[in-house]
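Novice: Quick one: this structure, given as structure tokens, is what I'll be asking you about.
There are 2 protein chains.
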Amino acid sequence: MINVLLVEDDIDLAATIVDYLDIESINCDHASNGLMGLELIQRNHYQMMMLDINMPKMDGLTLCNTVREKGLDIPILMLTARDSLENKLQGFEAGSDDYLVKPFAMRELVARVQVLAKRRSGEVKRLVLGDLILDLNQRSAQLQQRTLKLSPIAFKLLEVLVRASPQPMGRQHIMQAVWGDEQPDSNSLKVHIHHVRKQLDASKHSPLLKLETISGIGFAIKAADQGDLEIVGNKNNEN
Amino acid sequence: MINVLLVEDDIDLAATIVDYLDIESINCDHASNGLMGLELIQRNHYQMMMLDINMPKMDGLTLCNTVREKGLDIPILMLTARDSLENKLQGFEAGSDDYLVKPFAMRELVARVQVLAKRRSGEVKRLVLGDLILDLNQRSAQLQQRTLKLSPIAFKLLEVLVRASPQPMGRQHIMQAVWGDEQPDSNSLKVHIHHVRKQLDASKHSPLLKLETISGIGFAIKAADQGDLEIVGNKNNEN
DNA sequence: GTACGGGTTAAGACAGGGTTAACGGATACG
DNA sequence: CGTATCCGTTAACCCTGTCTTAACCCGTAC
Numbered sequence: 001m002i003n004v005l006l007v008e009d010d011i012d013l014a015a016t017i018v019d020y021l022d023i024e025s026i027n028c029d030h031a032s033n034g035l036m037g038l039e040l041i042q043r044n045h046y047q048m049m050m051l052d053i054n055m056p057k058m059d060g061l062t063l064c065n066t067v068r069e070k071g072l073d074i075p076i077l078m079l080t081a082r083d084s085l086e087n088k089l090q091g092f093e094a095g096s097d098d099y100l101v102k103p104f105a106m107r108e109l110v111a112r113v114q115v116l117a118k119r120r121s122g123e124v125k126r127l128v129l130g131d132l133i134l135d136l137n138q139r140s141a142q143l144q145q146r147t148l149k150l151s152p153i154a155f156k157l158l159e160v161l162v163r164a165s166p167q168p169m170g171r172q173h174i175m176q177a178v179w180g181d182e183q184p185d186s187n188s189l190k191v192h193i194h195h196v197r198k199q200l201d202a203s204k205h206s207p208l209l210k211l212e213t214i215s216g217i218g219f220a221i222k223a224a225d226q227g228d229l230e231i232v233g234n235k236n237n238e239n
Numbered sequence: 240m241i242n243v244l245l246v247e248d249d250i251d252l253a254a255t256i257v258d259y260l261d262i263e264s265i266n267c268d269h270a271s272n273g274l275m276g277l278e279l280i281q282r283n284h285y286q287m288m289m290l291d292i293n294m295p296k297m298d299g300l301t302l303c304n305t306v307r308e309k310g311l312d313i314p315i316l317m318l319t320a321r322d323s324l325e326n327k328l329q330g331f332e333a334g335s336d337d338y339l340v341k342p343f344a345m346r347e348l349v350a351r352v353q354v355l356a357k358r359r360s361g362e363v364k365r366l367v368l369g370d371l372i373l374d375l376n377q378r379s380a381q382l383q384q385r386t387l388k389l390s391p392i393a394f395k396l397l398e399v400l401v402r403a404s405p406q407p408m409g410r411q412h413i414m415q416a417v418w419g420d421e422q423p424d425s426n427s428l429k430v431h432i433h434h435v436r437k438q439l440d441a442s443k444h445s446p447l448l449k450l451e452t453i454s455g456i457g458f459a460i461k462a463a464d465q466g467d468l469e470i471v472g473n474k475n476n477e478n
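The following block contains the structure:
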């Protein structure tokens with residue numbers, strides 16, 4: 001189930017969008033101003049978010065900037081009547097991923113929402129991280145030619161973490177992504193993390209993959225060589 | 240350096256685009272038909288690709304489909320004069336990530352290219368000061384390729400100081416920024432400053448970074464030669 | 001000398017993560 | 001119909017990392 005957030009002060013338009021997305025099996029939460037949106041995005045896990053620009057309390061551009069400042073790189077679609085080039089560039093400058101001008105066709109909105117949402121958590125059949133291969137169709141995970149033995153929840157958990165890699169995910173976000181709305185009220189997550197770690201450590205010869213704990217935040221899975229690549233890239237790069 | 244591919248049969252338009260991207264430090268290879276594009280994409284590595292739809296040999300939609308079938312999930316931007324809704328939906332259906340209608344402003348093209356290229360390649364929000372890199376997304380701090388071991392508070396403290404650099408920050412301001420309203424009533428700040436200093440000094444080979452004490456005022460972190468804070472990230476670097 | 005600002009260090013409290021085992025529900029199979 | 005197995009949740013327990021606190025050090029200014 002795709003889960004997205006709409007931040008829009010026009011209640012009628014918002015209702016229309018929510019309804020339309022619902023038909024397409026996309027669950028859409030709604031906030032009517034920027035502050036409320038910021039609140040929701042930090043508490044829940046969304047695949048992407050849509051932002052109106054003109055809004056009371058906090059406008060869309062500011063919210064977009066704030067979200068990026070906080071280091072969240074959730075895909076963002078700007079949704080506004082301002083169609084000048086400067087406005088668009090401003091939107092991209094603030095860190096948005098797409099820009100749709102009102103009035104727009106609902107079907108185009110749906111298409112763009114799906115694209116943005118699925119890029120990170122979509123229909124890609126194989127996820128590769130270091131020497132770990134996740135085959136989503138077969139629900140199989142292979143680490144250095146060894147097939148890991150993972151329960152359904154453990155597999156989902158690993159999938160979620162690999163998708164976010166190398167970024168850490170907050171506990172709440174992980175819970176939401178794995179269990180949805182009916183979450184266990186205990187330390188179940190800890191146990192499953194433990195199971196996943198045990199499986200990853202089974203092929204001990206792989207210091208390549210680390211499921212790290214970010215204290216006070218959550219967890220992150222990283223391929224060891226990624227960090228090095230980034231630094232190397234940094235030298236030649238960063239124009 | 241960003242590396243992208245353009246598949247377009249209109250030679251003049253292609254040349255214009257290549258030139259324009261070059262100015263923005265984006266290297267752009269060019270193929271004049273679908274088959275050639277397929278060839279190139281399989282031999283080289285690109286951060287994203289732009290596809291014209293109307294082309295001889297193999298049209299853009301077919302190429303897009305083919306690429307997806309091969310399991311390549313490189314971001315694709317459709318580039319075409321067909322602006323009807325049906326055409327757009329067809330484009331998204333084929334697996335593209337964005338759709339830009341001709342004629343378009345070059346600056347908008349550049350913005351969208353950068354967005355598509357950077358999202359995949361893990362370009363994220365970073366604070367850079369001298370040879371220190373703070374990755375807010377990963378919550379990691381690297382100094383000369385060594386990853387610093389920082390507790391949550393120590394990380395926040397360092398972040399606050401780096402953001403203020405090279406300006407000094409008063410004790411009260413720091414406390415407010417790190418702890419908010421519930422501040423410890425002891426010399427806790429001193430201790431955390433000490434921890435941060437210890438981590439910075441660990442790679443002693445860096446005389447580049449100094450966490451200075453401004454007596455009676457507070458603290459300031461500075462890069463030895465260049466006091467300037469460089470921000471790299473979602474925002475397009477416009478140097 | 002002493003008062004003060006800052007630096008260093010260690011101890012203790014505590015939260016949070018890690019580990020393990022047991023229970024109950026579901027499913028498959030005999 | 002009963003048994004075995006798997007899986008997820010829960011809770012109890014242990015252990016590590018983190019933060020605060022306080023004591024002590026040093027230099028300098030008065």
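Chains as they are written, first to last, in our numbering: chain A, 1 to 239; chain B, 240 to 478.
The C-beta atom is built at its ideal place from N, Cα and C for all residues, glycine as well.
#1: May I have the straight-line CA-CA distance separating V349 (chain B) from N187 (chain A), to the nearest angstrom?
#2: Give me the chain B residues within the contact set of E108 (chain A), using Cβ-Cβ distance strictly less than 9 Å, ordered along the chain.
#3: In terms of DSSP beta bridges, what is T66 (chain A) paired with?
#4: Taking Cβ positions only, does S427 (chain B) come closer than 8 Å to chain A?
#5: For the alpha helix (DSSP H) that contains N326 (chain B), what are its first and last residues?
#6: Quick one: Cα of Q199 (chain A) to Cα of H192 (chain A), how far?
#7: Is the shortest distance between the beta-carbon of N390 (chain B) and the beta-carbons of chain A less than 8 Å?
#8: Among the candidates B:E398, B:L328 and B:D249, whose CA atom is the shortest distance from the CA of M294 (chain B)?
#9: Output needed for L248 (chain A): all residues of its chain with C-beta closer than 8 Å, excluding positions within five of it in sequence on either side, in chain order.
#10: Please state whether DSSP places S32 (chain A) in a helix, a strand or coil.
#11: Looking at the C-beta of L375 (chain B), does it have a partner C-beta in chain A at a distance below 8 Å?
#12: Can you confirm whether the segment 207-216 of chain A touches the segment 38-53 of chain A when touching is taken to mean that 3 or more C-beta pairs between the two stretches lie within less than 8 Å?
#13: Given a cut-off of 8 Å, decide if L396 (chain B) and R410 (chain B) are closer than it, judged by their beta-carbon atoms.
#14: Between B:V257, B:A253 and B:D251, which has its C-alpha nearest I241 (chain B)'s C-alpha?
#15: R378 (chain B) versus chain A: which residues are under 7 Å apart at the beta carbon?
#16: Could you tell me whether the Cβ atoms of L277 (chain B) and T305 (chain B) are closer together than 8 Å?
#17: So, for K57 (chain A): in the same chain, excluding its five sequence neighbours on each side, which residues have a beta-carbon less than 7 Å away from its beta-carbon?
#18: Taking only the alpha-carbon atoms, compute the straight-line gap between M414 (chain B) and V101 (chain A) and give it to the nearest angstrom.
#19: Using a beta-carbon distance below 8 Å, is A243 (chain A) in contact with chain B?
#20: Where does S173 (chain A) land, buried or exposed, given buried means 16+ other C-beta within 10 angstroms?
#21: Which residues of chain A have a Cβ atom closer than 7 Å to the Cβ of A187 (chain B), listed in chain order?
#22: Consider the Cβ of R68 (chain A): report whether some Cβ of chain B lies at a distance smaller than 8 Å.
#23: Tell me the rounded alpha-carbon separation between N239 (chain A) and V417 (chain B).
#24: Going by DSSP, which residues form a beta bridge with T385 (chain B)?
#25: Is L148 (chain A) near the ligand ZN, judged by its Cβ being under 7 Å from some heavy atom?
#26: May I ask which residues mark the beginning and end of the beta strand (DSSP E) holding I193 (chain A)?
#27: Round the Cβ separation of L77 (chain A) and R112 (chain A) to the nearest angstrom and send it over; I've been treating them as touching at under 8 Å.
#28: Among A:L89, A:P103 and A:F104, whose alpha-carbon lies nearest the alpha-carbon of D97 (chain A)?
#29: Please tell me whether K437 (chain B) has its Cβ less than 8 Å away from any Cβ of chain A.
#30: Per the DSSP calculation, T319 (chain B) is bridged to which residue(s)?
#31: Chain A partners of A350 (chain B), CB-CB under 9 Å?
#32: Span of the beta strand (DSSP E) holding E451 (chain B)?
#33: Report the three-state DSSP secondary structure of A463 (chain B) (helix, strand or coil).
#34: I need the DSSP call for D9 (chain A), collapsed to helix, strand or coil.
#35: List the whole-angstrom C-beta distance separating I221 (chain A) from L209 (chain A), where the pair is believed to meet the contact cut-off of C-beta under 8 Å.
#36: According to DSSP, is M48 (chain A) helix, strand or coil?
Specialist: For this structure:
#1: 47 Å
#2: L324, K327, L328, F331 and Y338
#3: According to DSSP, which records beta bridges pairwise, T66 (chain A) is partnered with nothing at all.
#4: no
#5: L324 to E332
#6: 11 Å
#7: The residue asked about is misnamed: residue 390 (chain B) is Ser in this sequence, not Asn. Chain A, which has a Cβ nearer than 8 Å to the Cβ of S390 (chain B), makes this yes.
#8: B:D249
#9: Residue 248 (chain A) is absent from the structure shown; chain A starts at 1 and stops at 239.
#10: coil
#11: yes
#12: no
#13: no
#14: B:V257
#15: P168, I214 and I217
#16: yes
#17: N33, G34 and L35
#18: 43 Å
#19: No information on residue 243 (chain A) is available, as it lies outside the stretch 1 to 239 that chain A covers here.
#20: Before going on, a small fix: residue 173 (chain A) reads as His here, not Ser. Buried is the call here.
#21: Residue 187 (chain B) lies beyond the stretch modelled for chain B, which goes from 240 to 478, so this question has no answer here.
#22: yes
#23: Only weak support exists for where N239 (chain A) lies, its pLDDT of 30 falling under 50; the value from the coordinates is given anyway. So the alpha carbons of these two residues sit roughly 32 Å apart.
#24: With the sequence shown as reference, residue 385 (chain B) is identified as Arg, and Thr is not the correct amino acid for it. Answer is B:L382.
#25: Looking at this structure, you won't find the ligand ZN or any other ligand, since it has none at all.
#26: Looking at the DSSP string, I193 (chain A) is not in any beta strand (DSSP E); the run it does join, the alpha helix (DSSP H), is S188 to A202.
#27: 6 Å
#28: A:L89
#29: no
#30: B:V340
#31: K88, L89, G91, F92, E93 and Y99
#32: L448 to I453
#33: coil
#34: coil
#35: 7 Å
#36: strand
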